[in-house]
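Here the sequence shown is numbered in the working numbering, starting from 802 and rising by one per residue.
Idealized CB from N, CA, C, for every residue including glycine.
Keep in mind it's a predicted model, so treat the numbers as computed, not measured.
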Amino acid sequence: MANRESETSWREFLTRLKERGLHGVELVVTDDHAGLKRAIMEMLPEAAWQRCYVHFLRNALDHLPRKADDDCLTELRWLYDRQNVDEARRDLAAWLKKWQGKYPKLCDWVEANIEETFTFYRLPRQHHKHLKSTNMLERLNEEIKRRTHVVRIFPHEGSCLRLIRALAVEVHEEWIEATRYLNMTILKEHKKQLLLRGGPLAA
802 MANRESETSW REFLTRLKER GLHGVELVVT DDHAGLKRAI MEMLPEAAWQ
852 RCYVHFLRNA LDHLPRKADD DCLTELRWLY DRQNVDEARR DLAAWLKKWQ
902 GKYPKLCDWV EANIEETFTF YRLPRQHHKH LKSTNMLERL NEEIKRRTHV
952 VRIFPHEGSC LRLIRALAVE VHEEWIEATR YLNMTILKEH KKQLLLRGGP
1002 LAA
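What follows is the structure, given as structure tokens:
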């Protein structure tokens, strides 16, 4: 556990995971935290990187006036429901053409950064829904907060970690055995070369 999200703390976190046996990472899904990105590039250079599209859409608000047309971001979000990346890029071109005159700042920013959010299109379509954002992890974090809030006061750090560890095991078993949140057989059948076609995480 770390009290801050610096590049150093993320590097230490990834180092500990690798020391505990983490290997073969093919994809990392995160927000656009600069320190985290640099740590991933250094510690997991073999992994492809997917920028969470939900965070991306939130970041887009910073490039829009307060009373912007709601259809603008709604249509941008639709790009993540396409069959493949070619369809997404085609519709992106149409979106840019439609909104460039009204929101040039947003369109320039989207054009410069959106490819970072399209990595998931290299994966089997069955996994697009779950791996284009950090929602899977966010839900786990919310459940951890809920469970720890029920206890409220822990006698020591170890007792808190035991609860979190038990919850993580519970969720893992649910993903693997019950809900089959991610069908790993499909991923194994999907060529790794396709996932890494775009190369490792760029600076």
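Q) In terms of DSSP beta bridges, what is R852 paired with? A) T831
**Q.** Nearest-angstrom Cα separation, counted from E808 out to R821
**A.** 20 Å
Q: Determine, using beta-carbon pairs with one atom in the region 965–972 and one in the region 907–919, whether at least three such pairs fall under 8 Å.
A: no
Q) What whole-angstrom Cβ distance do R812 and E843 have, given they're in contact under 8 Å? A) 7 Å
(Q) Once the 5 residues before and after L818 are set aside, which same chain residues still bring their CB inside 6 Å of it? (A) none
Q: Run the CB neighbour count on D909, radius 10 Å, all protein chains shown included, and call it buried at 16 or more, exposed below.
A: exposed
Q: Report yes if the CB atom of D832 is closer than 8 Å to the CB atom of T949, and no otherwise.
A: no
Q: Decide if the region 887–903 is in contact with the region 949–964; the criterion is three or more beta carbon pairs, one per stretch, under 8 Å apart.
A: no
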